[in-house]
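Presented below is the structure to which this report refers.
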Amino acid sequence: MEEKTIAPDEILRATVFSSEAAVYLARTTQLCDKARQTHHASPLAAAVLGRTLTMTAIMAFSSFKNEDDRLTVTLNGNGLIGKVVCCGMAPVDVKGYVEDPNLDLPLNEKGKLDVGWAVGNSGTLTVIKDLGLKEPYVGRSALQTGEIAEDFAFYYTVSEQTPSLVALGVHVHPDLHVDGAGGILIQLLPGCSDETITRLEQVGEKLSSISTMMMEYDTLDGIMQTLFDEDFKILQRDTPRFRCDCSRERIDRALIAMGYEELKKMRDEDNGADLWCNFCNTTYHYSGEQLDNLLETMRG
Ligand SMILES: [Zn+2]
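Convert by adding 48 to the 1-based position in the sequence shown; the result is the number in this note's numbering.
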């Protein structure tokens, strides 16, 4: 069987329809597959995590200005998969997890992975953006369907007051790896014409299978052409990645932040510690001696 090569991940920003709307388009196939592997995720969990990571990458790409900018997206829909937490870090790095990466449910009536059922729809979507201002920006909206794209479209429209169209898709191959994933955010710019709104509604109808488009097209430019004819201008490109920023130094600092007494107790009672990073599934082991060294630095 011929193995189709997977096109590289990419993200771009463009204006379309006489610059009356902004578009962010991302291919995240490799990123989503890395997340799946990292968390040993079931196809359903890979779809939930992949869609949310893709949106987080788009959100990071569209809002970051400085190298220390960060954002955190939390979906808490009271569904069977539990909480979904994703972080974006500049330039376009993302990390994330779902509480139950093993969740498996029957396919929905369209024969697709039932993301809405897994996430649930009675809860909130929370976005915290730390853009180097005095206070982080916190936005919150009610989850609509748990299908994630609709939930983010509602979030943008209600919480950020920007009418938006969102499509997200993650296709999982029968051999369980992700073979097509991506997403698009389309935002109306102030003063856009009725004609542009009508044209965007027509574009919206073509977005029902964005993951298939990611498999069919070798370049994002090809997808832009299909969706917007020749009426677009690409302004910026980057590469989104799945990457965790945890390290032993960070965990050291977290342990020190617990305070001397707590850490001493951990050292005396357990003679060591195992700390787990839930974003990248890495365990950091500390021997009694290593904890002693940390206690020593705290005294000094
Ligand atoms: Zn980590």
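The C-beta atom is built at its ideal place from N, Cα and C for all residues, glycine as well.
| Check | Outcome |
| --- | --- |
| Could you check whether the Cβ of residue 290 sits closer than 6 Å to any heavy atom belonging to ligand 1? | no |
| Using the rule of at least 16 other Cβ atoms within 10 Å of the residue's Cβ for burial, across every protein chain shown, is residue 71 buried or exposed? | buried |
| Have a look at residue 327 and residue 143 and give me their C-alpha separation to the nearest angstrom. | 6 Å |
| Output yes or no for whether 7 Å exceeds the beta carbon distance between residue 179 and residue 189. | no |
| Can you find a heavy atom of ligand 1 that lies under 6 Å from the Cβ of residue 120? | no |
| Does the beta-carbon of residue 201 have 16 or more other beta-carbons within 10 angstroms, so that it is buried, or is it exposed? | buried |
| From what residue to what residue does the alpha helix (DSSP H) around residue 111 run? | 91-111 |
| So, do the region 81-88 and the region 61-68 have three or more beta carbon pairs nearer to each other than 8 Å? | no |
| Buried or exposed: residue 177, going by 16 or more other Cβ atoms within 10 Å of its Cβ? | buried |
| Have a look at 231, 246, 243 and 278 and flag the residue whose alpha-carbon is nearest the alpha-carbon of residue 259. | 231 |
| Quick check: is any heavy atom of ligand 1 less than 6 Å from the C-beta of residue 328? | yes |
| Using 6 Å as the cut-off, classify the Cβ of residue 240 as near or not near the heavy atoms of ligand 1, replying yes or no. | no |
| Nearest-angstrom Cα distance between residue 151 and residue 96? | 10 Å |
| Express the C-alpha separation of residue 223 and residue 49 in angstroms, rounding to a whole number. | Its pLDDT being 49, under 50, residue 49 is placed unreliably in this model, and the coordinates cannot settle the point. |
| Within a Cβ cutoff of 6 Å, which residues of the same chain sit near residue 214, ignoring the five residues on either side of it in sequence? | 197, 200, 201 and 233 |
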